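Each remark here refers to the structure printed beneath this line.
Chains as they are written, first to last, in our numbering: chain A, 35 to 147; chain B, -11 to 104.
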């Protein structure tokens, strides 16, 4: 079945540091890949997505590239801010007849001023 | 911007009691979902719903669970007889379609259920 393996947290960085959160997946078919973010006390918000190999999703300075050869979708940001502190979830959905999302365990990110 | 809403935000109940969690999906969306997140664990799929019927359910979604779209706007999750292990954050999500394919799922803020 489908699965997502995500970098264990928590991750603590200083403001303006470079961020990478690793995500690898196992899936049948041709999945779409997502990063969702959960700010304190809020629900899940879509951060970015990619629907096919070599696509790059980007939003709010975050980027992730769909790498089929390494089955990865790592999240990166060049310079993090305190407001980026949140829990980040990598997820996939299988395009072929099964649109449920399969999530990773989530990575808690804390940015220190 | 349209959003998914959920009520209540928190619910405390006694073991064995019935609970109904309510969701109002985005108005032109056709696909509806429930997920749950036990504290400290990953978000897990429970059930998907389309065209007034369940399209898929996970093994978590046993006979104690049911879903309904009673009035064309609400989407509810009922747990008939709650257990301690049902304590979790429950998320509703909805998605539309484009070109015949399902679009991105949008999530509500969640209902935190505590079973005592």
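Backbone N, C-alpha and C define an ideal beta-carbon position, used for all residues, glycine too.
This structure is a prediction, so every number in the text was calculated from the model and none was measured.
Judged by beta-carbon spacing, residue 10 of chain B lies within the 8 Å limit of residue 62 of chain B, meaning their Cβ atoms are closer than that value. Here DSSP, grouped into helix, strand and coil, assigns residue 73 of chain B to helix. No Cβ-Cβ contact shorter than 8 Å links residue 18 of chain B with residue 60 of chain B. At a Cβ-Cβ threshold of 8 Å, residue 116 of chain A and residue 147 of chain A count as neighbours. Within chain B, the residues 30 and 31 have their CB atoms less than 8 Å from the CB of residue 140 of chain A, given in chain order. Rounded to whole angstroms, the gap between the alpha carbons of residue 53 of chain A and residue 109 of chain A is 8 Å. Under DSSP, residue 14 of chain B takes part in no beta bridge, so it has no partner. Counting C-beta pairs closer than 8 Å gives fewer than three between the segment 132 to 143 of chain A and the segment 85 to 105 of chain A, which falls short of the contact rule.
The way I'd put it, the segment 59 to 70 of chain A doesn't touch the segment -1 to 8 of chain B; fewer than three beta-carbon pairs between them come closer than 8 Å. Under the Cβ criterion of 8 Å, residue 81 of chain A is not counted among the residues facing chain B. Leaving aside the five residues that flank residue 144 of chain A on each side, the residues in its chain whose CB is nearer than 8 Å to its CB run, in chain order, 44, 45, 46, 47 and 119. Secondary structure at residue 128 of chain A: strand, using DSSP grouped into helix, strand and coil. Taking a C-beta distance under 8 Å as the contact criterion, residue 20 of chain B and residue 33 of chain B do not qualify as a contact pair. A residue is called buried once 16 or more other Cβ atoms fall within 10 Å of its Cβ, and residue 101 of chain B is buried on that count.
Listed along the chain, the chain B residues whose CB falls inside 7 Å of the CB of residue 102 of chain A amount to none; the nearest CB is some 19 Å away. For residue 124 of chain A and residue 104 of chain A, the gap between their C-alpha atoms comes out near 15 Å.
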